[in-house]
Amino acid sequence: DAGVTQSPTHLIKTRGQQVTLRCSPKSGHDTVSWYQQALGQGPQFIFQYYEEEERQRGNFPDRFSGHQFPNYSSELNVNALLLGDSALYLCASSLTQATNEKLFFGSGTQLSVL
Amino acid sequence: DAKTTQPPSMDCAEGRAANLPCNHSTISGNEYVYWYRQIHSQGPQYIIHGLKNNETNEMASLIITEDRKSSTLILPHATLRDTAVYYCIVRVARFGNEKLTFGTGTRLTIIP
Chain U
15 DAGVTQSPTH LIKTRGQQVT LRCSPKSGHD TVSWYQQALG QGPQFIFQYY
65 EEEERQRGNF PDRFSGHQFP NYSSELNVNA LLLGDSALYL CASSLTQATN
115 EKLFFGSGTQ LSVL
Chain E
36 DAKTTQPPSM DCAEGRAANL PCNHSTISGN EYVYWYRQIH SQGPQYIIHG
86 LKNNETNEMA SLIITEDRKS STLILPHATL RDTAVYYCIV RVARFGNEKL
136 TFGTGTRLTI IP
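Here the protein sequences line up with chains U and E, keeping their order. Going by my numbering, the first residue of the first sequence is number 15, and it counts up by one from there. Going by my numbering, the first residue of the second sequence is number 36, and it counts up by one from there.
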């Protein structure tokens, strides 16, 4: 049983460009969350998708957007990249029916903005 | 902002019990305490969670004080593979709320 998979593992972009990161949730999970982790910091919640809609959102500008597909996979899009967007982007999946459900995280995509 | 306070770093000898403290003095009655850890270059991994009773699983034990203002994660026999950053998180367990608010965690180093 594959866990949460993310692609690509590493990515280099320049300021002003746009980027799309992809996530496939753990089998049987229907909810996907995205987190940004700057170097030396804990992960910060970006947003969460359930039933193809954004359900919760953290304190991130609308340059950050997402999408969830009918097969529960998800994309994170970041427009007009800034140097400060350089970080590890983590995807987590869960089953929304279980209120105490633990999150399963992927290994992340390391984004470098030059 | 994170609602928990943890020491930034700790060392523990291999084979000994590692005891990681967490302060959550403003915890609400409907908030659970969760522990995750992050090994270098990997995503966070769930360890354990609890509300007010002590909990134990195959990875660790969680001891929550009676007033719920603090807790301790115990790794009973630490190995080198337990070297990681450990995050203590409080979270309302509610349908549709999977958001976790991470702090900076405790960097645990297991010494051979």
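Where is the CB? At the ideal position from N, CA and C, for every residue including glycine.
Show which residues of chain U have a CB atom less than 7 Å away from the CB atom of residue i.
{"i": "Leu-135(E)", "result": "Phe-59, Leu-117"}
{"i": "Thr-139(E)", "result": "Gln-55, Gly-56"}
{"i": "Pro-79(E)", "result": "Pro-57, Phe-119"}
May I ask which residues mark the beginning and end of the beta strand (DSSP E) holding residue i?
{"i": "Lys-27(U)", "result": "24–27"}
{"i": "Leu-35(U)", "result": "33–38"}
{"i": "Val-209(E)", "result": "Chain E is shown from 36 up to 147; residue 209(E) falls before or after that span and cannot be answered."}
{"i": "Tyr-63(U)", "result": "58–64"}
{"i": "Pro-56(E)", "result": "53–58"}
{"i": "Glu-68(U)", "result": "67–71"}
{"i": "Ile-109(E)", "result": "105–110"}
{"i": "Phe-78(U)", "result": "78–82"}
{"i": "Glu-89(U)", "result": "88–92"}
{"i": "Ala-48(E)", "result": "44–48"}
Mark residue i as exposed unless 16 or more other C-beta atoms lie within 10 angstroms of its C-beta, in which case mark it buried.
{"i": "Gly-80(U)", "result": "buried"}
{"i": "Gly-30(U)", "result": "exposed"}
{"i": "Leu-125(U)", "result": "buried"}
{"i": "Leu-95(U)", "result": "buried"}
{"i": "Ile-62(E)", "result": "buried"}
{"i": "Ile-124(E)", "result": "buried"}
{"i": "Asp-102(E)", "result": "exposed"}
Chain U partners of residue i, CB-CB under 9 Å?
{"i": "Tyr-122(E)", "result": "Gly-56, Pro-57"}
Name the chain E residues that come within less than 7 Å of residue i, Cβ to Cβ?
{"i": "Arg-69(U)", "result": "Gly-131"}
Leaving out the 5 sequence neighbours to the left and right, which residues in its chain are closer than 6 Å to residue i when beta-carbon positions are compared?
{"i": "Ala-52(U)", "result": "Ala-101"}
{"i": "Glu-188(E)", "result": "For chain E, the structure presents residues 36 to 147; residue 188(E) sits outside this window and is missing."}
{"i": "Lys-27(U)", "result": "Val-33, Leu-95, Val-127"}
Taking C-beta pairs closer than 9 Å, name the residues in chain E that residue i reaches, listed in chain order.
{"i": "Ser-108(U)", "result": "Glu-133"}
{"i": "Ser-47(U)", "result": "Glu-133, Lys-134, Leu-135"}
{"i": "Leu-104(U)", "result": "Gly-78, Pro-79"}
{"i": "Asp-122(U)", "result": "Residue identity check: residue 122(U) is Gly in the sequence provided, not Asp. In chain order: Ser-76, Gln-77, Gly-78."}
CB-CB under 8 Å to residue i, same chain, minus the five flanking residues each way: which ones, in chain order?
{"i": "Ser-87(U)", "result": "Arg-36, Cys-37, Ser-38, Pro-39, Val-46"}
{"i": "Met-45(E)", "result": "Ala-53, Leu-55, Thr-141, Arg-142, Leu-143, Thr-144"}
On a Cα-Cα basis, can you pick out the residue from the options that is closest to residue i?
{"i": "Ala-106(U)", "options": "Gly-42(U), Val-127(U), Ile-26(U), Leu-117(U)", "result": "Leu-117(U)"}
{"i": "Glu-65(U)", "options": "Gln-55(U), Phe-78(U), Asp-44(U)", "result": "Asp-44(U)"}
{"i": "Ala-113(E)", "options": "Pro-42(E), Val-125(E), Arg-51(E)", "result": "Arg-51(E)"}
{"i": "Glu-115(U)", "options": "Asn-92(E), Tyr-81(E), Thr-107(E), Ile-109(E)", "result": "Tyr-81(E)"}
{"i": "Pro-75(U)", "options": "Gln-82(U), Tyr-63(U), Asn-93(U)", "result": "Asn-93(U)"}
{"i": "Trp-48(U)", "options": "His-24(U), Gly-54(U), Val-18(U), Leu-25(U)", "result": "Val-18(U)"}
{"i": "Gly-64(E)", "options": "Gln-73(E), His-75(E), Pro-42(E), Asn-88(E)", "result": "Asn-88(E)"}
Quick one: what's got a C-beta closer than 7 Å to residue i's C-beta in the same chain, skipping five residues either side?
{"i": "Pro-22(U)", "result": "Thr-123"}
{"i": "Ala-48(E)", "result": "Ile-146"}
{"i": "Arg-71(U)", "result": "Phe-61"}
Residues of chain C with CB closer than 7 Å to the CB of residue i, please, in chain order.
{"i": "Gln-62(U)", "result": "Of the protein chains in the structure, U and E, none is chain C."}
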